[in-house]
Amino acid sequence: MFVRTCALLTCTAALALAGQARAQTAPEFRLVDEVRFAVLQHDTGVIGENREDGVDLGVEVLSTPIEALRLIGSPKVVAGALVNTDGYTNQIYLGLQAERTLASQVFSPNDAIYLEGMVGAAWHDGKLDVSGTPLEDEWKSHGSRVVFRTGFGVGYRFNEKWSLTATFHHISNADTSLPNEGSNDIGLRLGMKL
7 MFVRTCALLT CTAALALAGQ ARAQTAPEFR LVDEVRFAVL QHDTGVIGEN
57 REDGVDLGVE VLSTPIEALR LIGSPKVVAG ALVNTDGYTN QIYLGLQAER
107 TLASQVFSPN DAIYLEGMVG AAWHDGKLDV SGTPLEDEWK SHGSRVVFRT
157 GFGVGYRFNE KWSLTATFHH ISNADTSLPN EGSNDIGLRL GMKL
């Protein structure tokens, strides 16, 4: 009886310690882990023709990595908004963003160079179809209000709190409706971990 009780207590303690160790190693998910502020050149013409002008000012929030999705790189939830300074297309967006460290401890013990990729959806307030109208030379025809949003960036993490990312983003409806004149933004994002 004593041996059985000791074995049961040992197994219970081992399971409790294993559960505690797992709880300590599993990071707590936070919906808002980082805030980024952006200054981007609007509708650069990198893919397609440039028609809309101005600078986009933006803010976005990123979550901690979603460990349940580690098979696809433990992406973060990203949500943000861009406002055009010249009154052209503004957008709000939501998606998933994955990040991969290319090098760490490059210039200091806590720095890193990284790549990131984003896929998601955006809602915009731009024009849907200006084909054959006087606005055709000035506005893009996005074809639908909700569009796909993709992007990538190369960044430098100065330390555990601050980062700077050179970024490119593209919105379009991927020919799910016509017309489909996507637009692109290129610029910089300053990130601050909370």
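Following my numbering, the numbering of the sequence shown begins with 7 at its first residue and continues without gaps. C-beta: ideal position from N, C-alpha, C; glycine also.
query = With respect to the beta strand (DSSP E) encompassing TRP145, which residues constitute its N-terminal and C-terminal limits?
reply = First-last for TRP145: undefined, no H or E at that position.
request  = Starting from SER189, follow the beta strand (DSSP E) in both directions and report where the run begins and ends.
outcome  = In the DSSP assignment, SER189 falls within the unbroken beta strand (DSSP E) covering 189-199.
ask   = When the Cα of ASN56 is compared with those of GLY193, ALA74, ASP181 and SER189, which residue comes out closest?
value = The shortest C-alpha separation from ASN56 is found at SER189.
message = So, for ASP131: in the same chain, excluding its five sequence neighbours on each side, which residues have a beta-carbon less than 7 angstroms away from its beta-carbon?
response = For ASP131, where only same-chain residues beyond five positions count, the Cβ hits under 7 angstroms are THR95 and ASN96.
message = Excluding the 5 residues flanking LEU170 on each side, which residues of the same chain have their C-beta closer than 8 angstroms to its C-beta?
response = Hits under 8 angstroms: GLY161, TYR162, PHE164, LEU194, ARG195, LEU196 and GLY197.
ask   = For GLY60, which option in LEU184, GLY93 and ALA118 has the closest C-alpha, if you only look at C-alpha atoms?
value = Closest option to GLY60, Cα to Cα, is GLY93.
Sub-8 angstroms separation of HIS176 and ILE98 beta-carbons = No; because the gap between Cβ atoms is not below 8 angstroms, this pair is not in contact.
key: THR70 - partner residues in DSSP beta bridges   = Paired residue(s): none; THR70 is not in a bridge.
message = Out of GLY101, GLY86, GLU66 and GLU142, which one is the CA nearest neighbour of ILE124?
response = Correcting the residue type first, residue 124 is Met in the shown sequence and not Ile. With distances taken between Cα atoms, MET124 lies closest to GLY101.
request  = Note down the Cα distance separating ASN90 from ALA180, rounded to an integer number of angstroms.
outcome  = About 22 angstroms.
message = Which residues does DSSP list as the beta-bridge partners of TYR99?
response = By DSSP's assignment, TYR99 forms a beta bridge with GLY86 and ALA128.
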